[in-house]
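The opening position of the sequence shown corresponds to residue 60 in this note's numbering, with each subsequent residue numbered one higher.
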Amino acid sequence: MELEQLMEESVAHLTEEFYKKEFQFSYSSLSKLIWSPAVFHTMYVLGIKEEREESHLVQGSVIHCLLLEPENFNKKFIVSPDDLPTGNPRIVVDRVFKHHLELSNNGDQREELQEFDGAILDVMKDMNYFQNLKTDQQRLDKIITPESLNYWKFLHVKQGKTIIDQESHTFCINAVELIKTNPKVCELISCTLNDFDNKEVYNELPLTCKVVDKPFGLKGIIDNVVINHDTKIIHINDIKTTSKDLKDFPETIEFYNYWVQAVIYAILVANEYKAQMELGGYQFQFHFIVIDKMFQVYPFLVSDATMQSWLKRFFTLIDEAEWHYVNKNFELPYKFATGSVTL
């Protein structure tokens, strides 16, 4: 009973801390709320975030970086070697490395895997791994191998970086090269600029804004924004990879709620460049630049009519989000929580 009370107090404290600050919905957090308010509550109210990142999302991030910020690739990503250990040896090394990091924070100077023989044996004992061998040295020899030593070095280098495998890295490099050789796409995102181009280019642009009459705001990091002062068009470009064909992308937009992302980005840009749009007569155009499984690349223009219809849907969505937020009700999606669903 004491544990249950402690958990309730912890949840109440985390909830109170969450509501002390104005929350800003991103595409990701709003999509979570649409799909499962309970997952949203766990991740954003309680702060228990998922550690796993889907491979297609990682690929998208790598392509963004290689195309728009290549100088930052080595800061954000690391390519996994092919000869890493698998199975129980990898589990042992992972656990020992975690132990090493905890000790190093308290001043421990050991750096090499071989120096943690005691920890290796403890982990192997806990896992009941090779306990049938007669000596500790025989057990250590099963773990301290060239593959494990390389993996240990790799763990040191990878800290804070996202791991990608060789196949994904090659795919992303090929995708970027295709984009760069596509004149229309290259013109859209302004791959190259010269002194005569009357443009401003922003990559990975973070923007925020308030939502009128709502207790929360919006935020997003936009892949690519190009302000063309000659045509007075602000281009908002979002790069997507898909495992399907180009012709199926309209369905993908609905399945992943990419239309929500497009609307959030449009609102953020309209707010950020309000003066240019109201006084200077600037307009914006939104493109999804899509790379499909066959390495076909196409920039899907979102028409004004489509954007307007998405805006209407979005403000209904925001009203539903407000209901969850204000009522602190994260048990079921809005229509189910309010009893609006019938058969």
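Beta carbons are placed, not taken as given, at the ideal position from N, Cα and C, and that holds for glycine.
Given the structure is predicted, the values throughout are model-derived calculations rather than measurements.
| query | Around the C-beta of Val121, are 16 or more other C-beta atoms found within 10 angstroms, so that it is buried, or is it exposed? | reply | Buried, since its Cβ has 16 or more Cβ neighbours within 10 Å.
| According to the neighbour-count rule (16 or more other Cβ atoms, all chains shown, within 10 Å of its Cβ), is Glu67 buried or exposed? | Burial state of Glu67 is exposed, judged by a 10 Å Cβ sphere holding fewer than 16 other Cβ atoms.
| message | Does Ile232 pass the burial test, meaning 16 or more other C-beta atoms within 10 Å, or should it be called exposed? | response | Of the residues assessed, Ile232 falls on the exposed side of the cut-off, its CB having fewer than 16 other CB atoms within 10 angstroms.
| Pick from Phe136, Thr397 and Asn330: whose alpha carbon is nearest that of Gly279? | Of the candidates Phe136, Thr397 and Asn330, the one whose C-alpha sits nearest the C-alpha of Gly279 is Asn330.
| How big is the Cα-Cα spacing for Leu192 and Glu206? | In this structure, the straight-line span from the alpha carbon of Leu192 to that of Glu206 is close to 21 Å.
| query | By a C-beta neighbour count over all protein chains shown, 10 Å radius and 16 as the cutoff for buried, is Pro405 buried or exposed? | reply | Since the first residue shown for the chain is 60 and the last is 402, residue 405 is missing from the structure and cannot be characterised.
| task | Grab the span of the beta strand (DSSP E) containing Cys250 for me, first residue to last. | result | From DSSP, Cys250 is part of no beta strand (DSSP E); its letter is neither H nor E.
| field | Reference Ala321; option with closest CA among Asp363, Val155, Glu63 and Leu105 | value | Of the candidates Asp363, Val155, Glu63 and Leu105, the one whose C-alpha sits nearest the C-alpha of Ala321 is Asp363.
| message | Can you confirm whether the region 243 to 252 touches the region 344 to 364 when touching is taken to mean that 3 or more C-beta pairs between the two stretches lie within less than 8 Å? | response | Touching, yes, given that three or more Cβ pairs across the two stretches are closer than 8 Å.
| query | Using the beta-carbon count (16 or more within 10 Å), is Tyr78 buried or exposed? | reply | Its Cβ having fewer than 16 others within 10 Å, Tyr78 is exposed.
| said: For Asn296, report the span of its alpha helix (DSSP H) as first-last. | reply: No alpha helix (DSSP H) contains Asn296, which is instead part of the beta strand (DSSP E) from Ile292 to Thr300.
| query | How about Gln344 and Lys291: are their beta carbons less than 9 Å apart? | reply | With contacts defined as CB atoms closer than 9 Å, Gln344 and Lys291 fail to qualify as a contacting pair.
| request: Please state whether DSSP places Gly146 in a helix, a strand or coil. | output: Judged by DSSP in its simplified three-state form, Gly146 adopts helix.
| Do you know how far the Cα of Asn253 is from the Cα of Lys333? | Taking the straight line joining both Cα atoms gives about 27 Å.
| Mapping DSSP to helix, strand and coil, what is Tyr384? | It is helical.
| If you follow the alpha helix (DSSP H) that Glu337 is part of, which residue opens it and which one closes it? | According to the DSSP assignment, Glu337 belongs to the alpha helix (DSSP H) that extends over Lys333 to Leu338.
| Rounded separation between Leu180 and Pro140 - CA only | Rounded to whole angstroms, Leu180 to Pro140 spans 26 Å at the Cα level.
| query | For Phe175, which residues from the same chain have a beta carbon less than 8 Å from its beta carbon, with the 5 sequence-adjacent residues on both sides left out? | reply | Cβ neighbours of Phe175 beyond the five flanking positions: Val155, His158, His159 and Arg169.
| field | Reduced DSSP secondary structure (H/G/I, E/B, other) of Gly106 | value | Here DSSP, grouped into helix, strand and coil, assigns Gly106 to coil.
| With a cut-off of 9 Å, does the C-beta of Leu126 fall near any C-beta of chain C? | No chain C appears in this structure, which consists of one protein chain only.
| message | Measuring only the C-alpha atoms, how far is Glu326 from Glu161? | response | Here residue 326 turns out to be Ile, not Glu, going by the sequence shown. Spanning the alpha carbons of Ile326 and Glu161 requires a straight line of approximately 44 Å.
| task | Determine the contact status of Asn283 and Asn257, defining contact as a CB-CB distance below 9 Å. | result | No, these two residues do not count as a Cβ contact at 9 Å.
| task | Kindly indicate which three-state DSSP category Ile312 falls into: helix, strand or coil? | result | Reduced to three states, the DSSP call for Ile312 is helix.
| request: Use the C-beta contact count for Met353: other C-beta atoms within 10 angstroms, 16 or more gives buried, fewer gives exposed. | output: So Met353 ends up on the exposed side.
| message | What does the alpha-carbon distance come out to for the pair Thr267 and Ala178? | response | Cα to Cα, the separation comes out at about 47 Å.
| Would you report the Cα separation of Ile286 and Val328, rounded to the nearest angstrom? | Annotation: Ile286 to Val328 spans about 11 Å, alpha carbon to alpha carbon.
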